[in-house]
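To keep things clear, I will list the structure first and then write my remarks on it.
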Amino acid sequence: MLKSLTASALGAGLAAGLVAAALQLLLLVPLIGEAELYESGALTHFSAGEAAPHDHAGESDGHDHAASDGHDHDHAGHSHDGASGFDRTLLTILSTVATYTGFALIMVAGFAVAEGAGLSRITPRQGMLWGLAGFAATQFLPALGLAPELPGSGAAALEARQTWWLMTAALTLAGIGLMAAVKSPLRYAGILLIALPHVFGAPHPEGYAGVTPPELAALFAARVLVVGGVAWLALGWLAGLLWSRETAS
Amino acid sequence: MNATNTTKTIIRAETGLGAIAVALLMGVALVYTAGFANSAVLHSAAHDSRHAISFPCH
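Quick note, the sequences are listed as chains U and B, same order. Per the UniProt record's numbering, the very first residue in the first sequence carries number 1; after that it's consecutive. Per the UniProt record's numbering, the very first residue in the second sequence carries number 1; after that it's consecutive.
Right, here's the structure in full:
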């Protein structure tokens, strides 16, 4: 049992984690690098009179320029993260694979419970639905209260946000589980569980004092949700595929 | 016969539940370490992936 669980979770976590990391490095990490230039003050947003018109004059030029600046800056020893270049890329891949492997272990534990309780037989297609549930619990619904944030964004205290995030993820999973597993009208209590953290409300800062341009932050937030959705679908499909093969014999 | 079957079922259920609990705990520990632990080293290592997965960071 433990072998089936770990084998399917490790396989799915590794493969989906690599897909997620590739998309992150292509679509998200360049925006993080650019935002760090604003965070460190190497670039300023509207604070100097000339910066804004200059940026608006040639948007694509300005963008390319900022991106290549980011690269140089990292090599020059921008110490925000203590790592740069290749090391930083490798650490991002490793931690993304670790995170998705963690998600996969939790998901296959759910598969085993659902099959053990006779609720459903897991197929790759079923796995994709579980992937959507995972996406809803970890990214989609938390985004209603806390937008995916770039470095240099203003935000409330970290512990408060982490607590709200964990509560939202747990209640969303419980709510989805209740709606999927229970046949009686009690299932609609699941909607209440999902809504609860949003009624309660996410912690927000007193005012908005972030130094990162809102255009950059908006693009980042949108891309995070797309990348997360794709990665979670891949994770669910792969976990369902590997789990159904592991338990078929 | 019945008793043996029952015992077998219980044992199977118990090892099953144990394995499920182990997988669940490992999963939560991995997600917590990569996404939430406040250690400076872990934060630095996982910085970009925390932002990219939209965990609260900083």
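Don't be surprised by glycine CBs; every beta carbon is placed ideally from N, CA and C.
> Between the Cα of A248(U) and the Cα atoms of I176(U), A16(U), I122(U), L235(U), which residue gives the shortest distance?
Replying inline: Indexing the first sequence from 1 puts residue 248(U) at position 248. Ranking the options by Cα distance to A248(U), first place goes to I122(U).
>> Against I32(U), what residues of chain B qualify as contacts under a CB-to-CB distance less than 7 Å, listed in chain order?
In response: As a working note, residue 32(U) is residue 32 in the first sequence. Ordered by position in chain B, the residues that pass the 7 Å Cβ test against I32(U) are D48, H51.
> Roughly how many whole angstroms lie between the Cα atoms of T99(U) and S40(U)?
Replying inline: Numbered from 1 along the first sequence, position 99 holds the residue referred to as residue 99(U). Numbered from 1 along the first sequence, position 40 holds the residue referred to as residue 40(U). Answer to the nearest angstrom: the Cα atoms are 28 Å apart.
> Given that A112(U) touches chain B, what residues does it touch there, using C-beta distances under 8 Å?
Replying inline: Here residue 112(U) is taken as the residue at index 112 of the first sequence, counted from 1. Those are G16, A19, I20, A23, listed as they occur along chain B.
> Should L186(U) be labelled buried (16 or more other beta-carbon atoms within 10 Å of its own) or exposed?
Replying inline: For this step, residue 186(U) is matched to residue 186 along the first sequence. It is exposed - the Cβ of L186(U) has fewer than 16 other Cβ atoms within 10 Å.
> Listing by chain order, which chain U residues have their CB less than 9 Å from the CB of A37(B)?
Replying inline: Taking the first residue of the second sequence as position 1, residue 37(B) is located at position 37. Here the premise fails: no neighbours, minimum Cβ distance about 10 Å.
> Just how far apart, CA to CA, sit E34(U) and G228(U)?
Replying inline: The residue labelled residue 34(U) in the question sits at position 34 within the first sequence. The residue labelled residue 228(U) in the question sits at position 228 within the first sequence. Rounded to whole angstroms, E34(U) to G228(U) spans 21 Å at the Cα level.
> Is the shortest distance between the beta-carbon of A109(U) and the beta-carbons of chain B less than 8 Å?
Replying inline: Translated into the one-based positions of the first sequence, residue 109(U) becomes position 109. Output row for A109(U): interface = yes.
>> Distance check for G190(U) and Q162(U), CA to CA, integer angstroms please.
In response: As a working mapping, residue 162(U) is identified with position 162 in the first sequence. As a working mapping, residue 190(U) is identified with position 190 in the first sequence. Each residue's Cα considered, the two are about 22 Å apart.
> From what residue to what residue does the alpha helix (DSSP H) around E149(U) run?
Replying inline: On the first sequence, position 149 is the one that residue 149(U) refers to. Here E149(U) belongs to no alpha helix (DSSP H), and DSSP marks it neither H nor E.
> Between G127(U) and A231(U), what straight-line distance do the alpha-carbon atoms span, to the nearest angstrom?
Replying inline: Counting from 1 along the first sequence, the entry for residue 127(U) is found at position 127. Counting from 1 along the first sequence, the entry for residue 231(U) is found at position 231. Distance between the alpha carbons of G127(U) and A231(U) is about 13 Å.
> Going by alpha carbons, who is nearest to L241(U) out of L37(U), V19(U), F111(U)?
Replying inline: For the purposes of this step, residue 241(U) is identified with residue 241 of the first sequence, where counting begins at 1. That would be F111(U), whose Cα lies nearest to the Cα of L241(U).
> Would T172(U) pass as a contact of G145(U) if the rule is Cβ separation under 8 Å?
Replying inline: On the first sequence, residue 172(U) is found 172 positions in, with the first residue counted as 1. On the first sequence, residue 145(U) is found 145 positions in, with the first residue counted as 1. Not a contact, by the Cβ cut-off of 8 Å.
> What are the boundary residues of the alpha helix (DSSP H) that H51(B) is part of?
Replying inline: Counted from its first residue, the second sequence places residue 51(B) at position 51. Note, H51(B): alpha helix (DSSP H), 47-52.
> How far does the alpha helix (DSSP H) with E36(U) in it reach, from first residue to last?
Replying inline: On the first sequence, position 36 is the one that residue 36(U) refers to. Note, E36(U): alpha helix (DSSP H), 29-40.
>> So A181(U) contacts chain B; which residues on that side make the cut at Cβ distance below 8 Å?
In response: Numbered from its first residue, the first sequence carries residue 181(U) at position 181. Simply none; closest approach about 15 Å.
> Sorted by chain position, which residues of the same chain lie with C-beta nearer than 6 Å to L150(U)'s C-beta, five sequence neighbours on each side aside?
Replying inline: Working through the first sequence from its first residue, we reach residue 150(U) at position 150. Hits under 6 Å: A35, T212, A217, F220.
> Just checking my contact of L105(U) with A9(U) at CB under 8 Å: how many whole Å lie between their CB atoms?
Replying inline: Counted from its first residue, the first sequence places residue 105(U) at position 105. Counted from its first residue, the first sequence places residue 9(U) at position 9. Contact flag correct, Cβ pair sits at about 4 Å.
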